[in-house]
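See below for the structure under consideration.
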Amino acid sequence: MRRLAIDRAKRLLFGSFLSSSQSSLAPGPSSSCFPFSPFSSEAAMSLSKFPPITVETINPKVKKCEYAVRGEIVSHAQRLQQELQTKPGSHPFEEILYCNIGNPQALGQQPITFFREVLALCNYPALLDRDETHALFSSDAIAKAWEILDLIPDRATGAYSHSQGIKGLREAIAVGIAERDGFPAKADDIFLTDGASPAVHMMMQLLIRSEEDGILCPIPQYPLYSASIALHGGCLVPYYLDEAKGWGLEIFELKKQLQAARTQNICVRALVVINPGNPTGQVLSEENQKEIVEFCRNEGLVLLADEVYQENIYADNKKFNSFKKISRSMGYSGDDLSLVSFQSVSKGYYGECGKRGGYMEVTGLSPDVKEQIYKVASVNLCSNISGQILASLVMNPPKVGDESYESYIAERDEILSSLARRAKALEDAFNSLEGVTCNKAEGAMYLFPRLHLPQKAIKAAEAVKTAPDAYYAHRLLDATGIVVVPGSGFGQVPGTWHIRSTILPQEDKIPAILSRLKAFHEAFMDEFRD
Amino acid sequence: MTPKPLDYESLNENVKKVAYAVRGELYLRAAELQKEGKKIIFTNVGNPHALGQKPLTFPRQVVALCQAPFLLDDPNVGLLFPADAISRARHYLSMTSGGLGAYSDSRGLPGIRKEVADFIGKRDGYPSDPELIFLTDGASKGVMQILNTIIRDENDGILVPVPQYPLYSATISLYGGSLVPYFLEEEANWGLDFYNIRQSVAAARSRGITVRAMVIINPGNPTGQCLSEANIRELLEFCFQENLVLLADEVYQQNIYQDERPFVSARKILFDMGPPMSKEVQLVSFHTVSKGYWGECGQRGGYFEMTNLPSQTVDEIYKVASISLSPNVPGQIFLGLMVNPPKPGDISYLKFVQESKAVLESLRRRAQIMTDGFNSCRNVVCNFTEGAMYSFPQIRLPPKAIEAARKAGKAPDVFYCLGLLEATGISTVPGSGFGQKEGVLHLRTTILPAEEDMPAIMASFRKFNDEFMEQYENCRGYSRM
């Protein structure tokens, strides 16, 4: 270390000598204008130096942010997966079951045929000129492809589009929003993005000026929010969802946390609400939503409404209402509430994660702010066209009477009813385990059971410097191949432990998963029971 | 009246500082005029397909099959698709777990990263590690990710060429860093002047800036110059001496219009130089499917390759990539196809080569037509477009024109470009959007309009220019201020 320090000191001196000697050099015509002879250059090269980019010198905000969904547990799983390939039989399971991430098609869910037909035709429009195409594609998919291509200047699907996304597609989405809500939407308010996540990042970028700017986030939350806030140097102001009340959102909790933040001189700028919730799955009641709208108006907050699971509702007594709809139904116009609503093609019954399609609808922000959003969007030119097309299809699916309607509805309903069945089966299974309580998944794609772990287990975790839920998750993985995310990745009331599992493995795999889970848990409790 | 929770005043200052002229004032005005029914020729952005360039057939066939895998099971699929497209679609689908609709590895599908590594290995003659290649939704996202990793605060400086592609200046503003300019020498064919570069660095350091990285765009944008091996060698030596990471934007590597200086990657030169340089100089190289002869801008496919970055740093970059889950899978497949195109003997090979050559040869011709067209105007000097997709002529304006611009509240090049737009419908980007020496004016146009339209476009430009000069010229001739 000392030698390194000496060398570094030498280099710093050398460096400053280099820069101070510049003025004494005559401007040289040649571009290879080294201030010293080749011999000295060699001397320079022989000094050891720290490379410019090391983990010590990178942006500390990068180091600070965390994203558990693809964190440590996944690296562990990938190692095991490798071992399964190179040494079959080395583990008490045959495959890794990734229940860590809402990635339906990776677990066997099929895409909606109609959507893929249209995308394929838009990708390779030459097909539309061939007679044979009619034998392979439904006629309404062909018609839809023509319709979409006509919205794209010169039908050039390989060109950068308008930075908010192709105008005609935004208009189609606006129509879809209006049909969903019963209130109009404007193409100009829509920004198509590579998935909903980049749109969230954009809003955090706009809102966060310094570490004194706070964003209210639900705990537990989807860690895109905590990561994005950290990355942009802001302050996450937590508000706790009430596990005892089905992960309910209480306004007095929002007010309490807001006040607490303000007394710390945090300027709270926005409220994130995830509805349906992730990881918690709760669907907000209309009453609740109205209270939230009033809260944001009264406190001068931008409402960031993550509504990507709007088509994943499993509770019979619950319905999705967009915050836009709620606020309009309360009589509030665009100017009365600053609202950014996020939607994605990754979830719902379409599950097209890999396409990276999504949008934010921005209402109640002034034109000069929207200009700035446009400007930031333009630096990246535009989002991928295929994803844009898919977003417009998702918001405008086949209608009654369309040729593809019957098959589309059958595919959709099968996926949704299967998701509801799996949500119930897994919820019941978790609840049947000793020391585990699990709230119902009213919506979304996850279960977030609470683990009431025995003291011995907690001590065992502490001994290996791991959070107890992470310890449980790693043990579960080693025993069963099932990958879940420790609750600490989402935030939880201190002293409580959870895991998040998706409900996505195919139905025929569920019995095996449940029995392995049960066997593991019983053995774990036998080992650690107080 | 209560202020809104988010109004212009309370926006993140860094956002306000961002400027991105490529889709700025000129473009917005052009879009307005287009709405009013005026015919606009958009030469503001390198967007080949928007100006009539057709996509290559084979990749579109493959990706269409990947989008709709049920086609592969249909007995009639061979009527619509050649056998090699069909087998290639199966090949890419087999790399995925669940097809195009599943998030891939946050770094991109391992199979495609391997194809990229193989391509780099063949291109450069040195092996490349797929683990150090990250696929991104376009090269721009990769650039932003890397700069976000490097920039800690306003004391971190990034050396950026002037003129530059304003993604760099915009991103540095957004992330709160400092742009340290180094001027390319227009009279020396936009060449590098290391004396000048060292002065810039010294000046920055004396202001307390830690210069962390150096951006090089090769072939250049907007300037089009292709670096020689000797140039790249000097750059690498400079980075080694000054302890900078080299950020090599090589997205135009397929767009080369002269034979004296073919494309050579920074990585190849680095490894040619051997240790200690090859083991110590840090380098990040960027590439894309948006340019070249592919022009698939709308797919958002790109990658960056890291050389000599410590593994912990790579892990941090991976972590940030994972927050956005994964790059879009169709874009990844386009990238795979670009680095692993049809080979001699493949059914689609001849057509693929024919289509590719046609594009490149036409671009080469258009580069010449445009350069000559600009140079035929007496007040315009234009370096030849050796590579990339742009022409960046220097426009010399008389004092009266400068004065008129000032009265109109516009920078002189903006004033000129707006006039050009109103008169001819040609939508360009003023040189100030890219940076230029004080008092020296340029505009950037692309060489992308269809070849058959080029003569008319250049004639139209010349007519506007000559009329403009007549209007503002006086007997004292023109001045460069």
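These protein sequence lines map, in sequence, to chains F and U.
Counting from 1, position 392 in the first sequence corresponds to residue 392 in UniProt numbering; the numbering is continuous, with no gaps.
Counting from 1, position 305 in the second sequence corresponds to residue 305 in UniProt numbering; the numbering is continuous, with no gaps.
The beta carbon of each residue, even a glycine, is placed where N, CA and C say it ideally should be.
Note that the structure is a prediction, hence the values are computed from the model and not measured.
List the DSSP bridge partners of residue i.
{"i": "residue 584 of chain F", "result": "Only positions 1 to 530 of chain F appear in this structure, which leaves residue 584 of chain F out of reach."}
{"i": "F:H201", "result": "Paired residue(s): none; F:H201 is not in a bridge."}
{"i": "F:C217", "result": "F:P238"}
{"i": "U:H287", "result": "U:Y303"}
{"i": "F:F342", "result": "F:D306, F:M360"}
{"i": "U:V381", "result": "U:Q394"}
{"i": "F:I313", "result": "F:G443"}
Do residue j and residue i have their beta-carbon atoms positioned less than 8 Å apart in this structure?
{"i": "F:I112", "j": "F:R412", "result": "yes"}
{"i": "F:I389", "j": "F:I148", "result": "yes"}
{"i": "F:E311", "j": "F:G348", "result": "yes"}
{"i": "F:R70", "j": "F:G195", "result": "no"}
{"i": "F:G491", "j": "F:I499", "result": "no"}
{"i": "F:G165", "j": "F:L151", "result": "no"}
{"i": "F:G376", "j": "F:Q205", "result": "Position check: residue 376 of chain F holds Val in this sequence, whereas Gly was assumed. Yes, these two residues count as a Cβ contact at 8 Å."}
{"i": "F:L236", "j": "F:P220", "result": "no"}
{"i": "U:V40", "j": "U:P449", "result": "Here residue 40 of chain U turns out to be Ile, not Val, going by the sequence shown. No, these two residues do not count as a Cβ contact at 8 Å."}
{"i": "F:S338", "j": "F:G358", "result": "no"}
{"i": "F:I53", "j": "U:V215", "result": "no"}
{"i": "F:S138", "j": "F:S327", "result": "no"}
{"i": "F:N59", "j": "U:R152", "result": "yes"}
{"i": "F:G481", "j": "F:L128", "result": "no"}
{"i": "U:V284", "j": "U:G302", "result": "no"}
{"i": "U:I323", "j": "F:A227", "result": "yes"}
{"i": "U:A367", "j": "U:G220", "result": "no"}
{"i": "U:P412", "j": "U:A405", "result": "yes"}
Please state whether DSSP places residue i in a helix, a strand or coil.
{"i": "U:V143", "result": "helix"}
{"i": "F:Q85", "result": "helix"}
{"i": "U:P344", "result": "coil"}
{"i": "F:C267", "result": "strand"}
{"i": "U:P48", "result": "helix"}
{"i": "U:F134", "result": "strand"}
{"i": "U:Q436", "result": "coil"}
{"i": "U:D249", "result": "strand"}
{"i": "U:M214", "result": "strand"}
{"i": "U:P181", "result": "strand"}
{"i": "F:G248", "result": "strand"}
{"i": "U:D105", "result": "coil"}
{"i": "F:L97", "result": "strand"}
Between the options, which lies nearest to residue i when the distance is taken from Cα to Cα?
{"i": "U:E25", "options": "U:M469, U:M458, U:T428", "result": "U:T428"}
{"i": "F:N288", "options": "F:G248, F:H76, F:A444, F:S383", "result": "F:G248"}
{"i": "U:L335", "options": "U:R261, U:N465, U:F304", "result": "U:F304"}
{"i": "F:V340", "options": "F:G489, F:V200, F:V175", "result": "F:V200"}
{"i": "F:E132", "options": "U:E154, U:I146, U:N76", "result": "U:N76"}
{"i": "U:W190", "options": "U:R233, U:S228, U:M95", "result": "U:S228"}
{"i": "F:A441", "options": "F:R421, F:Q257, F:S432", "result": "F:R421"}
{"i": "U:F238", "options": "U:E438, U:M469, U:A213, U:E355", "result": "U:A213"}
{"i": "F:G277", "options": "F:M445, F:L304, F:A230, F:S432", "result": "F:M445"}
{"i": "F:W497", "options": "F:S515, F:T466, F:I101", "result": "F:T466"}
{"i": "F:R255", "options": "F:A425, F:A244, F:E294", "result": "Looking at the sequence itself, residue 255 of chain F is Lys, so the reference to Arg does not match. When only C-alpha atoms are compared, the closest one is F:E294."}
{"i": "F:D530", "options": "F:S285, F:S515, F:E434", "result": "F:E434"}
Taking all protein chains shown into account, do 16 or more other C-beta atoms lie within 10 angstroms of the C-beta of residue i, making it buried, or fewer, making it exposed?
{"i": "F:Q264", "result": "exposed"}
{"i": "F:R130", "result": "exposed"}
{"i": "F:F34", "result": "No answer about F:F34 holds up, because its pLDDT of 29 lies below 50 and its placement is not dependable."}
{"i": "U:G331", "result": "buried"}
{"i": "F:S210", "result": "exposed"}
{"i": "F:G495", "result": "exposed"}
{"i": "F:I251", "result": "exposed"}
{"i": "F:V394", "result": "buried"}
{"i": "U:A64", "result": "buried"}
{"i": "U:T313", "result": "buried"}
{"i": "U:D156", "result": "buried"}
{"i": "U:D249", "result": "buried"}
{"i": "F:F50", "result": "exposed"}
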